[in-house]
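As structure tokens, the structure follows; a few thoughts come after it.
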């Protein structure tokens, strides 16, 4: 069964999806455990710092909370007729998009994973495609069809919490993420022959190019994943993974991976220099020590 990495926890346990099955792999022993088998299981994330997993499954999509040691999932949002799709996680909380208010548009909501409390942080309509919350929970960047918006979850004035991060007609970065420290965003722009990595702070007026990665056969898709220590970013396309310094974009190392990389199947292990990588049509996961470039299969 082909595996796709979806997350890694502090103990370097790897969460991976295989069709509708969720598997956890112990990187130390290589042992595998099926945590869940659910129809239309599409996403899963560890809640940082605890032994809990958020699942997205079903049609319409719904969210459940799983305790791996108990292998028992319980509904997190009880709205079976509405779409609830996982966007991001924080310690003890989950961010998701839902069409509960308007079936033709999506809101972004942050919910306590262990209580009924939640906060709608974006309710301005449109097709929400992606969203990422800053590590301090203060800011949320939301990608719509043709623009990025920045949401302040604690605005100083009423109505002052949402603003655009671009001008009409400008290319819109995808896969935007926050660097540790909550002060800088990083994303990618895909071109015909290269992937451009861009960054900006919330107060800057435009994106700045960090580095570009060539792709002579065309860029189907790619992502930029900041490392936990904020010093480097892994730039990932199907044909390559390279590490770049965040301050000047210089290449630190090219990583060797045995196969075609799944850019949406790569994750850092929190607090480490380990990168877990999925390759196309493989039932093994490649672990890379980014300090040395050494690899091993689990």
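Residue numbers (the UniProt record's numbering): 1 to 298. Note that CB positions come from ideal geometry on N, CA and C, so glycine has one too. Since this is a predicted model, take the numbers as computed values, not measurements.
> So, is residue 238 buried or exposed, given that buried needs 16 or more other C-beta atoms within 10 angstroms?
Replying inline: Here the question's residue 238 lines up with position 238 in the chain shown. Residue 238 comes out buried.
> So what does DSSP say about residue 33, is it helix, strand or coil?
Replying inline: Stepping through the chain shown from its first residue, residue 33 is reached at position 33. It is a strand residue.
> Among all the DSSP beta bridges, which residues are the ones paired with residue 54?
Replying inline: To locate residue 54, count along the chain shown from 1; it is residue 54. BP columns for residue 54 point to 45, 65.
> If you compare alpha carbons, which of 47, 91, 116, 37 is closest to residue 76?
Replying inline: Locating residue 76 in the chain shown gives position 76, counting from the first residue. Closest option to residue 76, Cα to Cα, is 116.
> Buried or exposed: which applies to residue 307, given that a residue is buried once 16 or more other Cβ atoms fall within 10 Å of its Cβ?
Replying inline: Shown here, the chain extends from 1 to 298; a query on residue 307 therefore has no answer.
> With 16 as the cutoff for other CB atoms within 10 Å, does residue 248 come out buried or exposed?
Replying inline: Here the question's residue 248 lines up with position 248 in the chain shown. Residue 248 is exposed by the Cβ-count criterion.
> Which residue from 126, 42, 111, 148 puts its Cα closest to that of residue 137?
Replying inline: Position 137 of the chain shown holds residue 137. Taking only the C-alpha atoms, the option nearest residue 137 is 111.
>> Please report the straight-line C-alpha distance between residue 196 and residue 72, rounded to a whole angstrom.
In response: Within the chain shown, numbered from 1, the residue matching residue 196 stands at position 196. Within the chain shown, numbered from 1, the residue matching residue 72 stands at position 72. Straight-line Cα distance between these residues: approximately 42 Å.
> For residue 27, does the three-state DSSP call read helix, strand or coil?
Replying inline: Here the question's residue 27 lines up with position 27 in the chain shown. In the structure shown, residue 27 sits in coil (DSSP, three-state: anything other than H, G, I, E or B).
> In chain order, which beta strand (DSSP E) runs of at least 3 residues are fully inside the stretch 221-285?
Replying inline: 223-226, 232-237, 240-245, 251-255, 261-268, 274-279
> Do residue 175 and residue 166 have their CB atoms nearer than 8 Å?
Replying inline: Taking the chain shown and counting its residues from 1, one reaches residue 175 at position 175. Taking the chain shown and counting its residues from 1, one reaches residue 166 at position 166. Not in contact: residue 175 and residue 166 (Cβ atoms no closer than 8 Å).
>> Quick check on residue 127: does DSSP put it in helix, strand or coil?
In response: By 1-based counting over the chain shown, the position of residue 127 is 127. Three-state result, residue 127: coil.
>> Less than 8 Å between the C-beta atoms of residue 95 and residue 53, yes or no?
In response: Translated into positions along the chain shown, residue 95 becomes position 95. Translated into positions along the chain shown, residue 53 becomes position 53. No; because the gap between Cβ atoms is not below 8 Å, this pair is not in contact.
>> For residue 40, report the span of its beta strand (DSSP E) as first-last.
In response: In the chain shown, counting from the first residue as 1, residue 40 sits at position 40. Neither: residue 40 is in no beta strand (DSSP E) and is coded neither H nor E.
> For residue 83, which of helix, strand or coil comes out of DSSP?
Replying inline: Locating residue 83 in the chain shown gives position 83, counting from the first residue. Residue 83 falls in the coil class under three-state DSSP.
> Cα separation between residue 255 and residue 290?
Replying inline: By one-based count along the chain shown, residue 255 stands at place 255. By one-based count along the chain shown, residue 290 stands at place 290. Distance between the alpha carbons of residue 255 and residue 290: 8 Å.
>> DSSP three-state label for residue 144, please.
In response: Residue mapping note: residue 144 aligns to position 144 of the chain shown, counting from 1. Coil at residue 144, not helix or strand.
>> I want to see whether chain B comes within less than 8 Å of residue 270, judged by CB atoms only; does it?
In response: This model lacks chain B altogether, as it is built from one protein chain only.
> DSSP beta-bridge partners for residue 187?
Replying inline: As a first step, residue 187 is located in the chain shown; it is residue number 187 there, counting from the start. Per DSSP, 198.
>> So if DSSP puts residue 208 in a beta bridge, which residue, or which two residues, is it bridged to?
In response: Against the chain shown, residue 208 aligns to sequence position 208. According to DSSP, which records beta bridges pairwise, residue 208 is partnered with 199.
>> Whole angstroms are fine: how far does the CA of residue 236 sit from the CA of residue 283?
In response: Residue 283 sits at position 283 when you count from the first residue of the chain shown. Residue 236 sits at position 236 when you count from the first residue of the chain shown. Those two C-alpha atoms are separated by around 20 Å.
> Of the residues 107, 114, 85, 42, which one's Cα is nearest the Cα of residue 65?
Replying inline: Walking along the chain shown from the start, residue 65 turns up at place 65. Of the listed residues, the one whose Cα sits closest to residue 65 is 114.
> So the beta strand (DSSP E) residue 74 belongs to, where does it begin and stop?
Replying inline: Residue 74 sits at position 74 when you count from the first residue of the chain shown. Looking at the DSSP string, the run of the beta strand (DSSP E) that includes residue 74 is 72-75.
> Pick from 92, 84, 119: whose alpha carbon is nearest that of residue 102?
Replying inline: For the purposes of this step, residue 102 is taken as residue 102 along the chain shown, with counting starting at 1. If we check each option's Cα against that of residue 102, 84 comes out closest.
> Three-state secondary structure (DSSP) at residue 21?
Replying inline: Looking up residue 21 in the chain shown gives position 21. Strand.
> With distances taken from CA atoms, which of 93, 270, 60 is nearest residue 79?
Replying inline: For the purposes of this step, residue 79 is taken as residue 79 along the chain shown, with counting starting at 1. Ranking 93, 270, 60 by Cα distance to residue 79 puts 60 first.
> Can you list, in chain order, the residues of its chain whose CB lies under 6 Å from that of residue 263, leaving out five sequence neighbours each side?
Replying inline: Taking the first residue of the chain shown as position 1, residue 263 is located at position 263. Excluding residues within five positions, the ones whose Cβ falls inside 6 Å are 221, 222, 223, 236.
> With burial defined as no fewer than 16 other Cβ atoms inside 10 Å of the residue's Cβ, what is the status of residue 204: buried or exposed?
Replying inline: Looking up residue 204 in the chain shown gives position 204. Answer is exposed; the Cβ neighbour count stays below 16.
> Thinking C-beta only, is residue 86 closer than 8 Å to residue 131?
Replying inline: If you number the chain shown from 1, residue 131 lands on position 131. If you number the chain shown from 1, residue 86 lands on position 86. No. Outside cutoff.
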